[in-house]
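Trainee: Structure in structure tokens, see below.
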Amino acid sequence: MRRDVHVTAADIARLAGVGRAAVSNWRRRHDDFPEPVGGTSTSPAFSLAEIREWLRGHAEGRDLPPDEWLWQDLRTTVDDDDLADLIADLGAFLVYVRHEADDWDSLSAGTDEEVARELPARVRAACAKTVSAQAFPETVPATRVPLVRSIARLAAERGVRDTFEFLRERYFEVHTRRVYSTPAEIVTLTLDLVGDRFGSVLDPACGSGRILGRALERSPGARLLGQDVDPVAARLTAVRLALRCDNARIRPGDSLRADAFPGELVDAVVCNPPFNDRNWGYEELTADPRWEYGLPPRVEPELAWVQHALAHLAPGGVAVLLMPPAVASRRSGRRIRSQLLRRGALRAVITLPQGAVPNVAVGLTLWILCQPAEGGTPSHVLMVDTSGRPDDYAGVAVEAWREFGAGRELDEPGVSRSVPLVDLLDEDVDLTPARYLSTAADDLSPERIAGARSRLAEVLRTVSGLLPSAVAAPPDELALVPLPELVRRGMLVLEQQTPARPGEEPPRGAPVLTVEDVLEDRPASGSSEQAGARPIVTRPGDVVVPQVVAAPVARVLRKGDALLGPYLSLLRPDPEVLDPDFLAGFLCASVNVRHYTSMSSRYRVDVRRAELPLLPLEEQRRYGEAFRRLAEFRSALREAAALGEDLAGLVAEGLTHGAVRPHE
Numbered sequence: 001m002r003r004d005v006h007v008t009a010a011d012i013a014r015l016a017g018v019g020r021a022a023v024s025n026w027r028r029r030h031d032d033f034p035e036p037v038g039g040t041s042t043s044p045a046f047s048l049a050e051i052r053e054w055l056r057g058h059a060e061g062r063d064l065p066p067d068e069w070l071w072q073d074l075r076t077t078v079d080d081d082d083l084a085d086l087i088a089d090l091g092a093f094l095v096y097v098r099h100e101a102d103d104w105d106s107l108s109a110g111t112d113e114e115v116a117r118e119l120p121a122r123v124r125a126a127c128a129k130t131v132s133a134q135a136f137p138e139t140v141p142a143t144r145v146p147l148v149r150s151i152a153r154l155a156a157e158r159g160v161r162d163t164f165e166f167l168r169e170r171y172f173e174v175h176t177r178r179v180y181s182t183p184a185e186i187v188t189l190t191l192d193l194v195g196d197r198f199g200s201v202l203d204p205a206c207g208s209g210r211i212l213g214r215a216l217e218r219s220p221g222a223r224l225l226g227q228d229v230d231p232v233a234a235r236l237t238a239v240r241l242a243l244r245c246d247n248a249r250i251r252p253g254d255s256l257r258a259d260a261f262p263g264e265l266v267d268a269v270v271c272n273p274p275f276n277d278r279n280w281g282y283e284e285l286t287a288d289p290r291w292e293y294g295l296p297p298r299v300e301p302e303l304a305w306v307q308h309a310l311a312h313l314a315p316g317g318v319a320v321l322l323m324p325p326a327v328a329s330r331r332s333g334r335r336i337r338s339q340l341l342r343r344g345a346l347r348a349v350i351t352l353p354q355g356a357v358p359n360v361a362v363g364l365t366l367w368i369l370c371q372p373a374e375g376g377t378p379s380h381v382l383m384v385d386t387s388g389r390p391d392d393y394a395g396v397a398v399e400a401w402r403e404f405g406a407g408r409e410l411d412e413p414g415v416s417r418s419v420p421l422v423d424l425l426d427e428d429v430d431l432t433p434a435r436y437l438s439t440a441a442d443d444l445s446p447e448r449i450a451g452a453r454s455r456l457a458e459v460l461r462t463v464s465g466l467l468p469s470a471v472a473a474p475p476d477e478l479a480l481v482p483l484p485e486l487v488r489r490g491m492l493v494l495e496q497q498t499p500a501r502p503g504e505e506p507p508r509g510a511p512v513l514t515v516e517d518v519l520e521d522r523p524a525s526g527s528s529e530q531a532g533a534r535p536i537v538t539r540p541g542d543v544v545v546p547q548v549v550a551a552p553v554a555r556v557l558r559k560g561d562a563l564l565g566p567y568l569s570l571l572r573p574d575p576e577v578l579d580p581d582f583l584a585g586f587l588c589a590s591v592n593v594r595h596y597t598s599m600s601s602r603y604r605v606d607v608r609r610a611e612l613p614l615l616p617l618e619e620q621r622r623y624g625e626a627f628r629r630l631a632e633f634r635s636a637l638r639e640a641a642a643l644g645e646d647l648a649g650l651v652a653e654g655l656t657h658g659a660v661r662p663h664e
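Encoded structure:
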């Protein structure tokens, strides 16, 4: 028996394959549009049953998105508290389909009662090695089989992996606080610090599995181990990885209290552990053999996670942990910090800029640890502070770590330094990087300051000429057309990364266009190792849009021949009817931002919900030229701001170090 659930205007737009503005128009124009049954005046909620009936009567020949309708069907099937378990069950079924597609084709020819009787044993057998034998219920009611068949049909169209990703993403949109995901930029940075040569990796607080999923992309054959205290998160992550590979083991449970992998050693441990958890198990774990460097104080759970990571590192292995800055200086942890240094386990501390991890008020740090090797303790520890380089902090950190690993002594004023071990082992053992970095006194010549001033003046002159001219016009609201309608008319093609079909292989050596490349407006810089991804080769004139960003961005590619990376949407307009710069300008304008999903400080950008005006091509090109110049104007402004900040710092340092004096 189906429940009736509430849907928002955004949900209705998705069900109809239109933008939210169209839903608002329907409410005004159609007297028979369903009345709200809840919500607020600014965010009303509607009955799904009533909306379903209305849309089917007003489809007007449009194809309604089957995935969105299936998602809402799931919501009506079980209570909201049980939705995650249902998605995990359906994910386990997709694991079975991935491995036994022919068997499902044969079984699905039977009646619903026959499928219900035979399916549980077959799914549990298929999941025994990759998820667990308990990944699927022992019995399934025949009334649930039509839903299973619907999932199978969608998987046949979209692929098993993409189908589960869709359901999982929709679930987390509704339950944003259920599982915290480490930001993609931080995941990339931590794995860059580990390097690509790892055959096994552990995340003992794996949550949504973003770290392990990215590790799999880096090293497709790697053995993946993960554990999470939230059993639902562990189930969803286990299924997610089982749909990508056969070498992942994800277990539920508290890694500190009940380690799921005792005695197992891996090449890399990468983790974003919970912070400030005073109930981490201090009383039960006082005699735990993992505390090789000392019993973590009750108020220092992060040092318990550090030692848990070291206990699972194979010789030569590397661990990267995201840590709050206070761990570097709390007095209660100084003895353990001292032991980590004396025995060569702690190799680097990297301060991140404030804001690198959203919704955290301070700049977090990364600790890099190595399993101590026999034959002596390293004489130096790397200290890096990227807080002054927010635009390229990841590149700064990775470059410093690689240089340090190559045996070079570093001393970049205000940024990085190889610190002698003896300088760290004082009474406090304070490992805050900023304490140990040198100043730039040796590079504060008047000539350098004059050169920086000249460069800033040059950029400011350029800025003044970039802003496009515009003339006043009478108020004229442009008629907007949903982007799916432009796709239907053949005016553009929409591409996103999907699972590869048999025989589809990416070009060897081709660079990958990443989200970071698009945000920073730089050439493709990613690796071409995209396990299981259908290769999409970019062309000049393509418009690329990141799917999750602080503010919507759309870039027109001036060069092609790179592979489209994950978390990007590519739009390929027909230049005979649609100008690329015109398209990019409207995609990230306020008329479309309101259609995208707001997630605290970020947006989830679904370009399928965007709307554009249909203008003559010559008028589009005039708009496009204005948008292109605005993009150059913004880029020049950012460069001017960075140069101005550097110049102000240079002058201040020069004044305080005596390199320059105030003009008389």
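For reference, each letter of the sequence shown is one residue, going 1 to 664 in UniProt numbering.
C-beta atoms are modelled at their ideal positions from N, C-alpha and C, and glycine is treated no differently.
1) By DSSP's criteria, Pro252 is part of a beta bridge. Which residues make up the other side?
2) With respect to the alpha helix (DSSP H) encompassing Ala311, which residues constitute its N-terminal and C-terminal limits?
3) Identify the continuous alpha helix (DSSP H) that holds Thr190 and give its terminal residues.
4) If we ignore side chains and look at the alpha-carbon of each, how far apart do Val543 and Asp254 end up?
5) Which residues does DSSP list as the beta-bridge partners of Ala319?
6) Going by CA-CA distance only, name the one from Ile12, Thr77, Tyr603 and Leu614 that's closest to Thr143.
7) Report the residue ranges of all beta strand (DSSP E) runs contained in full by the region 527-605; include only those spanning at least 3 residues, in chain order.
8) Cutting at 6 Å between CB atoms, please list the residues of its own chain near Ala135, excluding the five before and the five after it.
9) On the CB-based measure, 16 or more other CB atoms within 10 Å of its CB, does Arg29 come out buried or exposed?
10) Note down the Cα distance separating Gly333 from Leu193, rounded to an integer number of angstroms.
11) From the DSSP output, read off the bridge partner residues of Pro36.
12) Entirely within the region 602-657 and at least 4 residues each: give me those alpha helix (DSSP H) ranges in chain order.
13) Let me check one thing: in DSSP terms, what residues is Thr351 bridge-paired to?
14) Under a Cβ-count criterion, where at least 16 other Cβ atoms within 10 Å of its own Cβ denotes burial, should Gly213 be classed as buried or exposed?
15) Keeping to the same chain, check which residues put their C-beta closer than 6 Å to that of Gly655; ignore five residues upstream and five downstream.
16) Considering Cα atoms alone, identify which of Asp203, Ala268, Leu513 and Asp646 is closest to Ser454.
17) For Leu492, which beta-bridge partners are listed by DSSP?
18) Given this structure, state the Cα-to-Cα distance separating Asp112 from Arg158, to the nearest angstrom.
19) Would you list the one or two residues that DSSP bridges to Leu513?
20) Kindly indicate the opening and closing residues of the beta strand (DSSP E) around Ala45.
21) With 16 other CB atoms within 10 Å as the buried threshold, where does Leu478 fall?
22) Evaluate Ser132 with the Cβ neighbour count: other Cβ atoms within 10 Å of its Cβ, from every protein chain shown; 16 or more gives buried, anything less gives exposed.
23) Put His99 into one of helix, strand or coil per three-state DSSP.
24) Please classify Ser219 as buried or exposed, where buried requires at least 16 neighbouring CB atoms within 10 angstroms.
25) Provide the residue span of the alpha helix (DSSP H) that contains Arg298, from first to last.
26) I think Glu611 touches Leu480, with their Cβ atoms under 8 Å apart; what is that distance to the nearest whole Å?
27) What's the gap between the Cα of Gly19 and the Cα of Glu173?
28) Who does Ser181 pair with in a DSSP beta bridge?
Mentor: Reading off the structure:
1) Under DSSP, the beta-bridge partners assigned to Pro252 are Asp228.
2) Boundaries of the alpha helix (DSSP H) around Ala311: Pro301 to Ala311.
3) Ala184 to Val194 is the span of the alpha helix (DSSP H), which, as asked, contains Thr190.
4) Just so you know, the alpha carbons of Val543 and Asp254 end up roughly 44 Å apart.
5) Its beta-bridge partners are Val269 and Leu369.
6) Per the C-alpha coordinates, the member of Ile12, Thr77, Tyr603 and Leu614 positioned closest to Thr143 is Thr77.
7) Listed in chain order, they are 543-546, 568-573, 597-599 and 602-604.
8) Cβ within range, chain order: Ala92 and Cys127.
9) By the C-beta density criterion, Arg29 is exposed, having fewer than 16 other C-beta atoms within 10 angstroms.
10) One Cα belongs to Gly333, the other to Leu193, and the distance between them is close to 25 Å.
11) Answer is none; Pro36 lacks a bridge partner.
12) Restricted to the region 602-657, the alpha helix (DSSP H) segments that are unbroken, complete and at least 4 residues in length are 617-657, listed in chain order.
13) Answer by DSSP bridge pairing, in chain order: Thr365 and Asp385.
14) Buried, since its Cβ has 16 or more Cβ neighbours within 10 Å.
15) Per the sequence shown, the amino acid found at residue 655 is Leu instead of Gly. Taking C-beta separations shorter than 6 Å and ignoring five residues to either side along the sequence, Leu655 has no partners in its chain.
16) Among Asp203, Ala268, Leu513 and Asp646, the Cα nearest to that of Ser454 belongs to Asp646.
17) Answer by DSSP bridge pairing, in chain order: Pro573.
18) Rounded to the nearest angstrom, the gap between the Cα atoms of Asp112 and Arg158 is 23 Å.
19) Answer is Leu564, bridged to Leu513.
20) Its beta strand (DSSP E) spans residues Pro44 to Ser47.
21) With fewer than 16 Cβ atoms within 10 Å of its Cβ, Leu478 is classed as exposed.
22) Buried is the call here.
23) Note: His99 maps to helix in three-state DSSP.
24) It is buried - the Cβ of Ser219 has at least 16 other Cβ atoms within 10 Å.
25) No alpha helix (DSSP H) holds Arg298; DSSP gives it neither H nor E.
26) Correct: roughly 4 Å between the Cβ atoms.
27) The straight-line gap from Cα to Cα measures roughly 18 Å.
28) Note: Ser181 sits in no beta bridge, so no partner.
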